[in-house]
């Protein structure tokens, strides 16, 4: 089955620890994205990547880092510098980075809780 | 001003009713418009792309008004399974296909 997978589904970490969230897609999509969702707020873009070995900051990149070494994979690291990391993290991909009607498709998400 | 604004609701409607959601966007250069559906604690799923001429998919109709910068979603003959949060999404008309999401409109269809 083609799709986007994220792991783990739930993640708990202690304050001050870095943690890496996995995102893999087998849709052969060029572009991948990371969002966070907080209660009562819309999704906010953390980072996006249009092509392998390239990525750009989104609106709320501070305290996060990413890599794009393979087309299929776009892991997100939540560092200890992120002030309020508890949130629902969603990974998405699209066929190409630009163009009208270029829908994004989402993985099932990872719920991160900082204790 | 937010890029995308939606009425958060909640909308509580009986089965079989018709319900409409509106959404306004601030960037007149935006080119792509979508409605996504999000169930509780799940990921958003694409419901419809919104085309300039308007488009229909079964019980769902989406329309775009560029002059007034809003998009709408009409659901006819509501089903219990339509209960969800509906997200209005607009692209930022820049590189990277950055999307801007509304906070969502909550719909509950009541038996």
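Protein chains in written order, with this note's numbering: chain A, 22 to 136; chain B, 283 to 393.
Note that CB positions come from ideal geometry on N, CA and C, so glycine has one too.
Interface flag for residue 323 (chain B) against chain A is set, since a Cβ pair is found closer than 9 angstroms. Selection A:56, A:27, A:123, A:51 evaluated against residue 75 (chain A) yields A:51 as nearest (Cα-Cα). Taking C-alpha positions only, residue 316 (chain B) is separated from residue 123 (chain A) by approximately 10 angstroms. Residues of the same chain with a CB within less than 6 angstroms of the CB of residue 336 (chain B), apart from the 5 flanking positions on each side, are 345 in chain order.
Under DSSP, residue 57 (chain A) shares a beta bridge with A:65, A:110. Proximity to residue 41 (chain A) across A:69, A:95, A:61 peaks at A:95, based on C-alpha coordinates.
Within the stretch 328-346 of chain B, the residues whose Cβ lies closer than 8 angstroms to any Cβ of chain A are, in chain order, 328, 331, 333. Around the Cβ of residue 373 (chain B), a 10 Å sphere holds 16 or more other Cβ atoms; the residue is buried. Taking 9 angstroms as the CB threshold, residue 362 (chain B) stays off the interface with chain A. About 5 angstroms separates the beta carbons of residue 364 (chain B) and residue 391 (chain B), which is inside the 8 angstroms limit, making them a contact pair. Chain A places a beta carbon closer than 9 angstroms to that of residue 382 (chain B), counting this residue as a contact. Among the residues facing chain A, residue 390 (chain B) is not included, as its CB has no counterpart in that chain under 9 angstroms away. Between the stretch 125-133 of chain A and the stretch 289-299 of chain B there are fewer than three C-beta pairs closer than 8 angstroms, too few to call the two in contact.
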